[in-house]
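Enquirer: The structure is given below, and queries will be raised subsequently.
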Amino acid sequence: SSRTARSEEDRDSLWDAWGSWSECSRTCGGGASYSLRRCLSSKSCEGRNIRYRTCSNVDCPPEAGDFRAQQCSAHNDVKYQGQFYEWLPVSNDPDNPCSLKCQARGAALVVELAPKVLDGTRCYTESLDMCISGLCQIVGCDRQLGSAIKEDNCGVCNGDGSTCRLVRGQYKSQISANKLDDTVVAIPYGSRHVRLVLKGPDHLYLETKTLQGVKGENNLSSTGSFNVDNSTIDFQKFPDKEILRISGPLTADFTIKIRYAGAADSSVQFIFYQPIIHRWRETDFFPCSASCGGGYQLTSAECFDLRSNRVVADQYCHYYPENIKPKPKLQECNLDPCPASDGYKQIMPYDLYHPLPRWESTPWTACSSSCGGGIQSRSVSCVEEDIQGHISPVEEWKCMYTPKMPVVQPCNIFDCPKWLAQEWSPCKVTCGQGLRYRVVLCIDHRGMHTGGCSSKTKPHIKEECIVPTPCYKPKEKLPVEAKLPWYKQAQELEEGAMVSEEPSFIPEAWSSCSVTCGVGSQVRLVKCQVLLSFSQSVADLPIDECEGPKPVSQRACYSGPCSGEATEYTPEETDLLYGSLQEFDELYDWEYEGFTECSESCGGGVQEAVVTCLNKQTRETADETLCVTSRRPPQLLKACNLDPCPPR
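Here you go:
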């Protein structure tokens with residue numbers, strides 16, 4: 001290690017000291033500065049003779065314009081191929097982002113006007129990485145070269161994502177004769193990573209309102225990038241879909257609206273990160289509880305609106321679960337002895353101090369409305385507590401060292417629950433007339449499944465549908481029951497229900513039969529579940545959300561004959577018997593015609609397949625002697641009435 005240290009020292013001793021830093025390549029927006037050093041050896045030195053650092057890391061004023069655009073416009077007064085052009089920047093070149101490529105306005109002409117952009121030019125429009133000496137260098141959100149620190153989804157450098165919240169949801173158009181448009185979602189100032197996808201014939205458009213109250217509108221009539229209130233919007237328009245992206249942060253309040261254009265329904269899925277604009281702020285210490293001889297003073301916390309820079313009611317901060325109100329701080333104050341006393345006044349413990357007068361309130365009344373915005377009130381008075389703990393009312397001016405608590409406040413300002421109908425399922429048949437279904441959920445203001453919606457306004461969950469393919473029902477030669485071993489039909493091959501977008505009962509698999517032969521019992525769990533199309537996840541619902549009869553959770557089972565009972569076919573034997581049935585060309589042949597009545601009314605019985613001789617052309621019953629040339633099919637048995645008998 002000592003040899004290594006000496007070699008590094010010898011290597012550095014071949015260089016002269018680093019020179020001073022050059023002027024910054026830019027005055028704002030992030031530039032680059034360099035420093036040089038000279039090799040003192042007659043031979044080459046190991047290492048670089050230049051180093052860089054970032055500088056001028058302050059935002060440029062809006063009127064400064066884009067740095068790459070300035071470099072392109074510098075060539076406007078220089079002829080290119082004998083003609084003057086107005087040059088516009090070509091950004092985000094994936095092959096060489098640090099070359100100066102420009103496009104002539106109004107023409108398809110794109111030219112590389114310089115092999116390298118000036119140091120400090122951004123490699124890409126949505127990145128802090130910058131070009132230095134023609135190469136793209138990584139720059140972290142701390143504006144340092146080579147730094148890997150990134151912003152969180154809230155836009156905070158090296159943050160933990162606690163200053164914003166993810167908002168996602170779905171809008172379903174509700175077309176009415178007297179309504180031409182509707183509001184999809186309001187996205188507040190400062191939101192980031194906005195993405196909306198509309199599917200259907202309708203169209204999106206924007207309404208904006210700045211913090212100064214200036215309103216605007218953009219119809220989003222064509223694909224492209226637009227600047228709306230200093231926010232860059234990327235919009236893509238397709239025949240059956242529209243996509244809106246805004247990186248943010250939004251510099252105004254955006255209201256996304258939908259303009260109806262057809263009779264078919266449209267749906268909009270949206271997601272964005274909303275800043276938490278109301279945060280707790282610790283106050284200064286209140287006045288001391290005593291003017292001399294030792295007292296105490298406390299701090300408090302107030303809810304602060306980051307947009308308007310003013311204090312607001314506490315319930316705005318309580319709206320965000322992420323906000324934790326800071327606890328009060330306590331400190332001693334005015335410890336000098338009082339002039340009228342004979343010496344130093346002893347400082348008593350905090351719990352024996354004479355408390356300051358304080359505001360005291362009664363509990364809030366019940367809210368006047370359960371949702372959609374209401375009012376609640378309370379009474380507030382100034383009280384004082386003596387050393388013995390007796391509380392008595394005093395004049396209000398004694399409490400004026402702190403703001404009086406509000407006596408009226410809004411409550412339940414969230415939207416009332418409303419029905420949300422999702423997309424229709426495909427028709428449940430492959431031909432002819434059938435039914436299709438959709439999930440209709442009662443959704444609250446947080447997008448969670450809840451109750452409280454009026455059953456009178458619930459959209460219908462199923463409707464008839466027609467598949468334009470005619471149905472053909474071929475004549476079955478064998479009864480359906482005879483196509484599989486009887487005990488598999490009765491027990492194992494019960495078709496499992498699949499989770500769909502319609503709330504439905506989903507039974508789990510049956511347990512094994514409780515006996516190895518004869519009649520036993522099986523149990524299973526039955527849930528009410530729904531497939532949420534937006535997240536493609538399965539949600540458990542209350543049992544009463546599913547319509548129709550609930551499948552049984554217990555049933556009898558038959559595990560085959562015990563010793564001494566009649567022998568039945570195994571599945572392998574049955575398959576062999578069925579596989580040997582062949583099509584005969586004779587006029588008469590044996591065919592199955594259903595089963596006999598069950599031998600028992602409950603507790604498990606047996607049915608026997610009925611075999612008759614039929615005329616294959618007229619389908620009429622014939623004398624059995626006419627089928628003598630055909631092999632008589634094997635005898636088939638089927639279990640029946642497996643439910644347990646009621647107790648006597």
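Residue numbers for the sequence shown follow the UniProt record's numbering, so the first one is 1 and each next one is one higher.
For glycine and all other residues, C-beta sits at the position ideal for the given N, C-alpha and C.
Got a sec? Which residues, its chain only, sit under 7 Å from Lys458 by beta carbon, not counting five neighbours each side?
Expert: Only Trp419 and Val440 meet the Cβ criterion.
Enquirer: Answer yes or no: do Cys72 and Leu113 have a C-beta to C-beta separation smaller than 8 Å?
Expert: Closer than 8 Å, so yes.
Enquirer: Taking Asn334 as the reference, give the member of Ala290, Glu322, Gly372 and Asp142 with the closest Cα.
Expert: Nearest C-alpha to Asn334: Ala290.
Enquirer: Nearest CA to the CA of Ser44: which residue from Leu180, Pro403 and Leu14?
Expert: Of Leu180, Pro403 and Leu14, the residue nearest in Cα terms is Leu14.
Enquirer: Do Gly30 and Gly120 count as a contact pair if the criterion is CB distance below 8 Å?
Expert: Yes; because the gap between Cβ atoms is below 8 Å, this pair is in contact.
Enquirer: By DSSP, does Arg38 sit in helix, in strand, or in coil?
Expert: Arg38: coil per DSSP, three-state reduction.
Enquirer: What's the gap between the Cα of Glu207 and the Cα of Gly248?
Expert: Cα-Cα distance, rounded: 16 Å.
Enquirer: Taking the alpha carbon of Pro363 as the reference point, which residue from Gly372, Gln376 and Cys371 has its own alpha carbon closest?
Expert: The shortest Cα separation from Pro363 among Gly372, Gln376 and Cys371 belongs to Gln376.
Enquirer: Could you pull the start and end residues of the beta strand (DSSP E) that Ala421 belongs to?
Expert: Unbroken beta strand (DSSP E) run through Ala421: Lys418 to Ala421.
Enquirer: With burial defined as no fewer than 16 other Cβ atoms inside 10 Å of the residue's Cβ, what is the status of Phe235: buried or exposed?
Expert: By the neighbour-count rule (16 or more Cβ atoms within 10 Å), Phe235 is buried.
Enquirer: So what's Glu495 in DSSP terms, helix, strand or just coil?
Expert: Its pLDDT being 41, under 50, Glu495 is placed unreliably by the model, and the measurement read from it follows with that caveat. Looking at Glu495 - three-state DSSP - the assignment turns out to be coil, as it is neither helix nor strand.
Enquirer: Might you give, ordered along the chain, the residues of its own chain that have their beta carbon closer than 6 Å to the beta carbon of Gln635, omitting 5 neighbours on each side?
Expert: Here the set comprises nothing.
Enquirer: Where Asn230 and Asp77 are concerned, what is the direct C-alpha to C-alpha distance, given to the nearest angstrom?
Expert: Computed Cα separation, rounded: 29 Å.
Enquirer: Considering only their Cβ atoms, is the gap separating Gln315 from Gln170 smaller than 8 Å?
Expert: No, they are not a contact pair.
Enquirer: Less than 7 Å between C-beta atoms, sequence neighbours within five positions excluded: which residues of the same chain meet that for Ala509?
Expert: Answer for Ala509: Arg524, listed in chain order.
Enquirer: My understanding is that Thr125 touches Ser91, with C-beta atoms under 8 Å, so please give their C-beta distance in whole angstroms.
Expert: Their Cβ separation, rounded to whole angstroms, is 5 Å, which keeps Thr125 and Ser91 in contact under 8 Å.
Enquirer: My guess is that Cys442 and Thr450 are in contact by the Cβ rule of under 8 Å, so how many angstroms apart are they, rounded?
Expert: With 8 Å as the limit, Cys442 and Thr450 qualify as a contact, their Cβ atoms being about 6 Å apart.
Enquirer: Touching or not, the region 207-216 and the region 282-302, by the rule of three or more beta carbon pairs under 8 Å?
Expert: Segments in contact, no.
Enquirer: Going by the beta-carbon positions, is the gap between Asn153 and His193 smaller than 8 Å?
Expert: Yes.
Enquirer: Suppose the cutoff is 8 Å on Cβ atoms and the five residues either side in sequence are ignored; what does the same chain contact list for Asn641 look like?
Expert: Excluding sequence neighbours, Asn641 sits near Cys598, Glu600, Ser601, Cys602, Gly603, Gly604 and Gly605.
Enquirer: Among Gln607, Lys79 and Tyr189, which one has its Cα closest to the Cα of Arg307?
Expert: Among Gln607, Lys79 and Tyr189, the Cα nearest to that of Arg307 is on Tyr189.
Enquirer: Looking at C-alpha atoms only, which residue of Arg378, Val467, Cys292 and Thr365 is the closest neighbour of Pro337?
Expert: Of Arg378, Val467, Cys292 and Thr365, the residue nearest in Cα terms is Cys292.
Enquirer: According to DSSP, is Gln409 part of a helix, a strand, or is it coil?
Expert: Correct three-state label for Gln409: strand.
Enquirer: Do you know how far the Cα of Cys557 is from the Cα of Cys513?
Expert: Each residue's alpha carbon lies about 6 Å from the other.
Enquirer: How would you label Ser222, buried or exposed, when you count the other beta carbons within 10 angstroms and need 16 or more for buried?
Expert: By the 10 Å Cβ count, Ser222 comes out exposed.
Enquirer: Spatial neighbours of Glu23 within its chain, please: C-beta separation below 8 Å, excluding the five flanking residues on both sides.
Expert: The residues are Ser33.
Enquirer: Can you check the region 236-260 for any beta strand (DSSP E) of at least 3 residues that lies completely inside it and give the ranges in chain order?
Expert: Runs of the beta strand (DSSP E) inside the region 236-260: 241-246 and 253-259.
Enquirer: Going by C-alpha to C-alpha distance, which of Glu86, Arg51 and Lys172 sits closest to Ala107?
Expert: Looking at the Cα atoms, Glu86 is the closest of the given residues.
Enquirer: For Ile149 versus Cys136, is the C-beta spacing smaller than 8 Å?
Expert: No; because the gap between Cβ atoms is not below 8 Å, this pair is not in contact.
Enquirer: Per DSSP, Tyr52 is paired with what?
Expert: Beta-bridge pairing links Tyr52 to Tyr34.
Enquirer: DSSP beta-bridge partners for Thr183?
Expert: The partner list for Thr183 (beta bridge, DSSP) reads Lys257.
Enquirer: Roughly how many angstroms lie between the CA atoms of Thr255 and Pro115, to the nearest whole one?
Expert: Whole-angstrom Cα-Cα distance: 44 Å.
Enquirer: What residue from Ile324, Gln554 and His278 has the CA that sits closest to Gly520's CA?
Expert: Nearest of Ile324, Gln554 and His278 to Gly520, Cα basis: Gln554.
Enquirer: Bridge partners for Leu642 per DSSP, in chain order?
Expert: Partner(s): none; Leu642 has no beta bridge.
Enquirer: Which residue from Ser42, Phe238 and Cys28 puts its Cα closest to that of Arg63?
Expert: Going by the sequence as given, residue 63 is Glu instead of Arg. When only C-alpha atoms are compared, the closest one is Cys28.
Enquirer: Restricting to Cα atoms, I'd like to know which of Asn49, Ile324 and Thr283 is closest to Val311.
Expert: The candidate whose alpha carbon is nearest that of Val311 is Thr283.
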